[in-house]
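Colleague: Note that the UniProt record's numbering has the sequence shown beginning at 1, numbered continuously upward.
Built from N, CA and C at the ideal position, the CB exists for glycine as well.
Right, I'll just put the structure down here and ask away after.
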Amino acid sequence: MLFCVVNLPIFVVARAELTAPKQEKALLEIAVNLMVPSATGDGEFHGPTINEFFPDVIFFADTPFEINRIILIRFLSVAVLMLLFWLGTRRMKIIPTRGQSLAEMGLDFVRVNIAEDLLGKKEGKRFLPLLTTIFFMVLFMNITGIIPFLNIAGTSVIGVPLLLGAISYGTFIYAGVKKSPGNFFRNSLFPPGVPKGLYLIVTPIEFISTFLVRPVTLTLRLMMNMIVGHLLLVLFFSATQFFFFTADGGFKLFGAGTLVFGFAFTLFEVLIALLQAYIFALLTAVYIQLALAEEH
């Protein structure tokens, strides 16, 4: 089944995230404090806090299966994703229904614009299930950041981005080793045509850029975009509430400005959610394509 792997990140990362090291919380708290000014005391403005990314446990506390608000949002995202594609594809017709048309448009977008465009029809078909799963999983978990009563992306905590980055990393290495078992690592670390004396410089650079930087950048790009988007939206709408209901006199007029900016950035977040899903799937396909290149 096309989306049979989408539940995997939720179970794998739930325990790790809920028992995150104190150092991770401290570093993220410093970043939040630098980016978002906050205040304490009655009648003063309160910006976003670090606790939003480390919510309290709701179910199964003190077990390996602890579930918090973000984990529930991930479950919901996966359930809605699978339900929509099941409804759109359960009764396929020659003349498609509206739901079937939408499902086919989404699948064709990944197939044509990512898989076949970068990998060709043969290899594109081979890796299409993975690329499709990555694209729609990231998209649906990103979009929860703007949905009322959810208001946080399932990808705004490192677990899912890290696991997807690891899957992408493992896939391109598998593709390269499968294509050229004896040459993949050698050609990756010692590119053909480079003078031998330069390998002392080139090889460490290639090792870092190919085998270390790729999964890290995939993970951090997705996670940090979702974190920043959430902080901005919370900042604008909490400022709107403060100006309208707490501030005195003419300061209330500032609430109209923050409200407009809040709605504008909400629309912008829709674009970012789609763009980050596209970039993650696209870069995964690019890495696979490089691993399958003839020189390997």
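1) If you scan the region 116–187 from start to end, which runs of the alpha helix (DSSP H) of 4 or more residues do you find wholly inside it?
2) Kindly indicate which residue of F109, F53, T133 has the alpha-carbon position closest to the one of M82.
3) Give the C-beta separation of I279 and V157 to the nearest angstrom, bearing in mind that I take them to be a contact with Cβ-Cβ under 8 angstroms.
4) For I205 and V213, what's the separation of their Cα atoms in angstroms?
5) Do you know how far the Cα of E116 is from the Cα of Y287?
6) With a threshold of 8 angstroms, are at least 3 pairs of Cβ atoms found where one atom belongs to the region 138–150 and the other to the region 260–278?
7) How would you write the range of the beta strand (DSSP E) that V57 sits in, first residue to last?
8) Suppose you measure from the CA of D62 to the CA of L150; what does that come to, to the nearest Å?
9) Buried or exposed: which applies to H230, given that a residue is buried once 16 or more other Cβ atoms fall within 10 Å of its Cβ?
10) What are the boundary residues of the alpha helix (DSSP H) that L222 is part of?
11) Just confirm the distance between the C-beta atoms of A281 and F85, as a whole number of angstroms; I'd bet it's less than 8 angstroms.
12) Given a threshold of 16 other Cβ atoms within 10 Å of its Cβ, counted over all protein chains shown, does S101 qualify as buried or as exposed?
13) Please check the pair G154 and I73, which I expect to be a contact at CB under 8 angstroms, by giving their CB distance rounded to whole angstroms.
Modeller: Per the coordinate set shown:
1) 117–143, 159–179
2) T133
3) In fact, because the Cβ distance is near 19 angstroms, the residues do not count as touching under 8 angstroms.
4) Answer to the nearest angstrom: the Cα atoms are 10 angstroms apart.
5) 14 angstroms
6) yes
7) 57–59
8) 24 angstroms
9) buried
10) 214–245
11) Not confirmed; about 16 angstroms, so no contact.
12) exposed
13) 5 angstroms
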